[in-house]
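See structure below.
Chains as they are written, first to last, in the working numbering: chain Z, 14 to 558; chain F, 646 to 924; chain R, 1068 to 1383.
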């Protein structure tokens, strides 16, 4: 009997011990590791940084909602991988408000005819393992993305009019990109092209399945891979050879907290230093007094979608869409969903404020219950019922749905809320043939060029979730894409914004801000540049105060 | 004395039994009378978010400004309803399968028991999660999901009892005198199964309520705006430091309800199976 | 006995096959697309379609199943659709975390349940018994996640004695750290198991104490404690052992809710994420693994039972 017990005992303790000691063997010379979460006994090395008062050292902990999927930039599409990659890999250059900041690249020169771009890399660049970073790596990355067998998601971005762009090495630091046709948007494409190391991947048959995408990742960014414990955390440590200069922090850890409620608690408890927070949770976090609440513009529009394809044919009628819009109050909705106007500006146009030719000066139907009832009566519907789909767990969608349900009830429309599992929601939302839902609360970030919006509003657009069909709109988008004169272009997009607002294609709600809570003990946030999706553009600038 | 009278006597003689019945009655009546509350359980009021319990809101308000007390009452309705409905469904399936399997034996028994094994081999929680993704998220689906996972245990017990009952003299006599199977089952077997069924049903309600609250907590169960005790706990972890009462009340009610059913179930078992003596 | 074992082992294969078919069917019937987890809305449709085709998701369901089965027969559990890592590796990586958690909880529960149950049974209806019984009622009626949240509030937030999430502190690789993180989750689970084990032991004890052999022992003058621990214990262990055998599969999937609340990196959370993302190779892998454990566990329980109690040999 005692024997039996001891066997079970040994087994259980063994299992726990294995769990304690296991963890991928990615431990490079463990210098400086082991800093406990958020405690104040940071590493003592206080060599002053370049600005005299910035301490070098310290450890920052981000909370992320899932394990990273692929830390290889030619595959990374999920938010967590993209965020971590921002620290692991350096891009060629980045663009903010029209201004270029160069990282790995030194210059980018387009030719006169716009069909060739010459990229020059900085001198003396190396990868985390010491190998030199050269034009070979850039060309290799380019070719890998184009290689159909390697299955990169970005392939189509490098194909113009059916022809691939070609990357040619001119010398160790120079690469020439030859385009099959003129494309001003190529610069934006290059912003997303982050080189991967040729010497690691050149003989790998299937890059996608390589273990090097999650362990011992070799990059060129300010922080290099230290260790990854799946489901728990991933730690990076400082890379002294970074192109823009030695980073301040000793290490950055991404702690995996799948349950947002648990993560919020951990944030308040000091076990996380940086985390996205919902507007509703801001008061809770502010109350601790330990965090800076940083809202920043995402270039995002949050809107109520009207599915014109829905089986009951209600939303295909402009009057009904107008009526619904009148029944809602934008101000009130913003208060309910975002709990404060600070985090969301009222939106009237389908373009976002950072977009070229944006104007909020368009027709809007808002907050007039009597008008709403009038229009509904005129349309002659009796007992209208609408289905509102939301993604389970998404607080903003839930709040919006509840609000809409309450307001529409007051004008006689019954709204049924259907909560779907996240991936089921994504599928249904994007399903062009879905006829069983009417409303959804969604958002998009399309970038600064208004041509990007055509896939949403053109009748045959890939992302035309409203199934709006207006030949005039199609014509205008076409015109805008080809018009070289900025003034004429501006007029085109002005008209587009007016028409779409007139037609109540969607009910634009707000230009939302992302909110990140950062532990007050860390500085350098402005220099690191807050950016959508990845939080910080250049984590090397962060430091512990 | 008749069985029902001895059952009642048994229940009343235990302190815990009385307490359980009182609690359950209060909960059931409270849920039924939920409409008497001046607050609308789904009314969003951003200005009144996260208030601690006060005179106007006995249990405080949640992160959308809704009155927690009222939501708890309405939530109780849903939780209890789902619990009972699931129990009925799983009892219906479980008893049928158990009786058929036990009475007829042979290949029917074999087939049913093998099928049972297969279903039981799949980790139940995974099945529940898969099913809840598969079916439309309304109350009916939840009942189906929970009900269809709880019947297996019941059918095993019923089968065992049926096997025993089948050999009783009066049954053998009925068969010998040419009575049809259906008649025998309804007239002799089923009545003999009543103790097992009643006890099983009580425990079943407890498990169903527990399961529903776990599912709703994980976000797979009953959907907004309907409240159930489990879904109310869903957001409670995040607001723990600011509003711990959001977590305390719904959970305490789940505990009280399940506890009462479990206690009653045990007492009923004692009352209905006198051969086993006091436990 | 040997015949029984052999028969059951042979039945395992078709059983597992049916399990995999049912599971796969459920997955395919559910709406949801694994590709959505890693696609950004800015990607072109052709790219998304190409990725989908590469993962074989455009083929009909039975073809996908057949391909999966073929790989399985070669010993390959496949690759995650979402991060392309081998399923076997993903599962084995997280197994120690869950097994350790459940193992410790069950162990703790058993070690405490036996003396508590014996005492409760021996002092039937006295104060000790009433307290133990009441606590065990609470234990089987309390929602695990609620208890977990309350304990986190008390120990992590208010008292700050214990961490609120995860299995270890970042960068620390000591067993002591893991144990500190494990105290809360293990306690929560153990309390729940303990309560149902105690009830078993208690009622078994009460039953046993009425048996003839006990009366005889008393007649010969043995004191209660000796009687309890030397004789009754043996008989009481039997149902416990069968219970444990049947809990073998729980080592894998028994802690889903707890793992969510504590962000414990185990198989439960792997499974929930996989289901949310419709990542079927992982779901199938976990299902098969746990089904196998269930079958083995049941077999073990039956064998031990039959071995320990020679009266039970009239099994079909």
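From the three backbone atoms N, C-alpha and C, an ideal C-beta is built for every residue, glycine too.
Contact list for the segment 697-713 of chain F against chain Z, Cβ threshold 8 Å
708, 709
Which of the three DSSP states is assigned to residue 1332 of chain R in this structure?
Within the third chain, the letter at position 265 stands for residue 1332 of chain R. Three-state result, residue 1332 of chain R: coil.
Separation of residue 452 of chain Z from residue 484 of chain Z, as counted between CA atoms:
Translated into the one-based positions of the first chain, residue 484 of chain Z becomes position 471. Translated into the one-based positions of the first chain, residue 452 of chain Z becomes position 439. For residue 484 of chain Z and residue 452 of chain Z, the distance between alpha carbons rounds to 24 Å.
Alpha carbons only, please: which of Z:215, Z:340, Z:350 is nearest the one belonging to residue 315 of chain Z?
Here residue 315 of chain Z corresponds to residue number 302 of the first chain, with the count starting at 1. Of the listed residues, the one whose Cα sits closest to residue 315 of chain Z is Z:350.
When Cβ atoms are compared, which residues of the segment 295-319 of chain Z fall closer than 8 Å to chain F?
296, 297, 300, 301
Where residue 513 of chain Z sits in the DSSP three-state scheme
Position 500 of the first chain, counting from 1, holds the residue named residue 513 of chain Z. DSSP places residue 513 of chain Z in helix when its eight states are reduced to three.
Ignoring anything shorter than 4 residues, give me the alpha helix (DSSP H) runs that lie fully in the segment 1220-1288 of chain R, in order along the chain.
1242-1276, 1279-1286
Spell out the partners DSSP gives residue 1117 of chain R in its beta bridges.
For the purposes of this step, residue 1117 of chain R is taken as the residue at position 50 of the third chain. DSSP lists no partner for residue 1117 of chain R.
Quick one: what does DSSP say residue 248 of chain Z is sitting in, helix, strand or coil?
Along the first chain, read from residue 1 onward, the residue named residue 248 of chain Z stands at position 235. Reduced to three states, the DSSP call for residue 248 of chain Z is strand.
Just the C-alpha distance for residue 754 of chain F and residue 747 of chain F, rounded to the nearest angstrom, thanks.
Walking along the second chain from the start, residue 754 of chain F turns up at place 109. Walking along the second chain from the start, residue 747 of chain F turns up at place 102. Approximately 7 Å, taken between the alpha carbons.
Give a yes or no on whether 9 Å exceeds the smallest Cβ distance from residue 166 of chain Z to chain R.
In the first chain, counting from the first residue as 1, residue 166 of chain Z sits at position 153. For residue 166 of chain Z, the answer is yes, since a Cβ of chain R falls inside 9 Å of its Cβ.
Compute the Euclidean distance between the alpha carbons of residue 105 of chain Z and residue 146 of chain Z, then round it to the nearest angstrom.
As a working mapping, residue 105 of chain Z is identified with position 92 in the first chain. As a working mapping, residue 146 of chain Z is identified with position 133 in the first chain. C-alpha separation (whole angstroms): 12 Å.
Consult DSSP for residue 1185 of chain R and reduce its assignment to one of helix, strand or coil.
Reading the third chain from its first residue, position 118 is the one you call residue 1185 of chain R. If DSSP states are grouped into helix, strand and coil, residue 1185 of chain R belongs with the helices.
I need the DSSP call for residue 1317 of chain R, collapsed to helix, strand or coil.
Locating residue 1317 of chain R in the third chain gives position 250, where the first residue counts as 1. If DSSP states are grouped into helix, strand and coil, residue 1317 of chain R belongs with the helices.
For residue 215 of chain Z, which of helix, strand or coil comes out of DSSP?
Taking the first chain and counting its residues from 1, one reaches residue 215 of chain Z at position 202. The answer is coil: DSSP assigns residue 215 of chain Z none of H, G, I, E or B.
Considering only DSSP beta bridges, list what residue 181 of chain Z is partnered with.
Numbered from 1 along the first chain, position 168 holds the residue referred to as residue 181 of chain Z. Paired residue(s): Z:189.
Jot down the residue ranges of each uninterrupted alpha helix (DSSP H) in the segment 252-284 of chain Z, minimum 4 residues, whole runs only, in chain order.
273-281
On a Cα-Cα basis, can you pick out the residue from F:882, F:665, F:783 that is closest to residue 727 of chain F?
For the purposes of this step, residue 727 of chain F is taken as residue 82 along the second chain, with counting starting at 1. For the residues F:882, F:665, F:783, the minimum Cα distance to residue 727 of chain F belongs to F:783.
Are residue 469 of chain Z and residue 493 of chain Z close, meaning C-beta to C-beta below 9 Å?
Taking the first chain and counting its residues from 1, the one referred to as residue 469 of chain Z is at position 456. Taking the first chain and counting its residues from 1, the one referred to as residue 493 of chain Z is at position 480. It is not a contact, given that the beta carbons lie outside the stated cut-off.
Could you give the distance in angstroms between the alpha-carbon of residue 802 of chain F and the alpha-carbon of residue 478 of chain Z?
Indexing the second chain from 1 puts residue 802 of chain F at position 157. Indexing the first chain from 1 puts residue 478 of chain Z at position 465. Roughly 53 Å between the two C-alpha positions.
Can you tell which of Z:187, Z:264, Z:411, Z:310 has its C-alpha closest to the C-alpha of residue 72 of chain Z?
Along the first chain, one-based indexing puts residue 72 of chain Z at 59. Of the candidates Z:187, Z:264, Z:411, Z:310, the one whose C-alpha sits nearest the C-alpha of residue 72 of chain Z is Z:264.
Determine the closest residue to residue 1092 of chain R out of R:1363, R:1163, R:1345, R:1281, with distance taken between C-alpha atoms.
Locating residue 1092 of chain R in the third chain gives position 25, where the first residue counts as 1. Here the closest residue by C-alpha is R:1345.
Start and end residues, alpha helix (DSSP H) containing residue 335 of chain Z:
Numbered from 1 along the first chain, position 322 holds the residue referred to as residue 335 of chain Z. Residues 331-340.
Contacts of residue 437 of chain Z in chain F (Cβ-Cβ under 8 Å)
One-based indexing of the first chain puts residue 437 of chain Z at position 424. What residue 437 of chain Z touches in chain F: 778.
Taking DSSP as the reference, what is the three-state secondary structure of residue 528 of chain Z?
Counted from its first residue, the first chain places residue 528 of chain Z at position 515. Three-state result, residue 528 of chain Z: strand.
Per DSSP, the bridge partner or partners of residue 1074 of chain R:
Taking the first residue of the third chain as 1, we reach residue 1074 of chain R at position 7. Beta-bridge pairing links residue 1074 of chain R to no other residue.
Rounded to a whole number of angstroms, what is the C-alpha to C-alpha distance between residue 1138 of chain R and residue 1146 of chain R?
Walking along the third chain from the start, residue 1138 of chain R turns up at place 71. Walking along the third chain from the start, residue 1146 of chain R turns up at place 79. Their Cα atoms are separated by approximately 10 Å.
For residue 516 of chain Z, which option in Z:82, Z:332, Z:170 has the closest C-alpha, if you only look at C-alpha atoms?
Here residue 516 of chain Z refers to the residue found at position 503 of the first chain. When each option's Cα is compared against that of residue 516 of chain Z, the closest is Z:332.
Anticipated Cβ contact below 8 Å, residue 102 of chain Z with residue 232 of chain Z, distance rounded:
For this step, residue 102 of chain Z is matched to residue 89 along the first chain. For this step, residue 232 of chain Z is matched to residue 219 along the first chain. With 8 Å as the limit, residue 102 of chain Z and residue 232 of chain Z qualify as a contact, their Cβ atoms being about 4 Å apart.
Within chain Z, the residues that residue 1078 of chain R reaches when beta carbons sit closer than 7 Å
What you label residue 1078 of chain R is simply residue 11 of the third chain in a count that begins at 1. Here the premise fails: no neighbours, minimum Cβ distance about 27 Å.
When you check each C-beta in the segment 1119-1136 of chain R against every C-beta of chain F, which residues fall closer than 9 Å?
none
Taking 8 Å as the limit between beta carbons, can you name the residues of its chain near residue 197 of chain Z, skipping five residues before and five after?
The residue given as residue 197 of chain Z occupies position 184 in the first chain. Contacts found: 127.
If you follow the beta strand (DSSP E) that residue 4 of chain Z is in, where does it begin and where does it stop?
In this structure chain Z extends from 14 to 558, so residue 4 of chain Z is not present and cannot be described.
Please check if any C-beta of chain Z sits within less than 9 Å of the C-beta of residue 770 of chain F.
Residue mapping note: residue 770 of chain F aligns to position 125 of the second chain, counting from 1. Not closer than 9 Å to any Cβ of chain Z, the Cβ of residue 770 of chain F fails to qualify, so no.
Counting only Cβ-Cβ distances shorter than 9 Å, please list the residues of the segment 1338-1368 of chain R near chain Z, keeping chain order.
1339, 1340, 1342, 1343, 1344, 1345
Any C-beta of chain F under 9 Å from that of residue 109 of chain Z:
Translated into the one-based positions of the first chain, residue 109 of chain Z becomes position 96. Not one chain F Cβ lies under 9 Å of residue 109 of chain Z.
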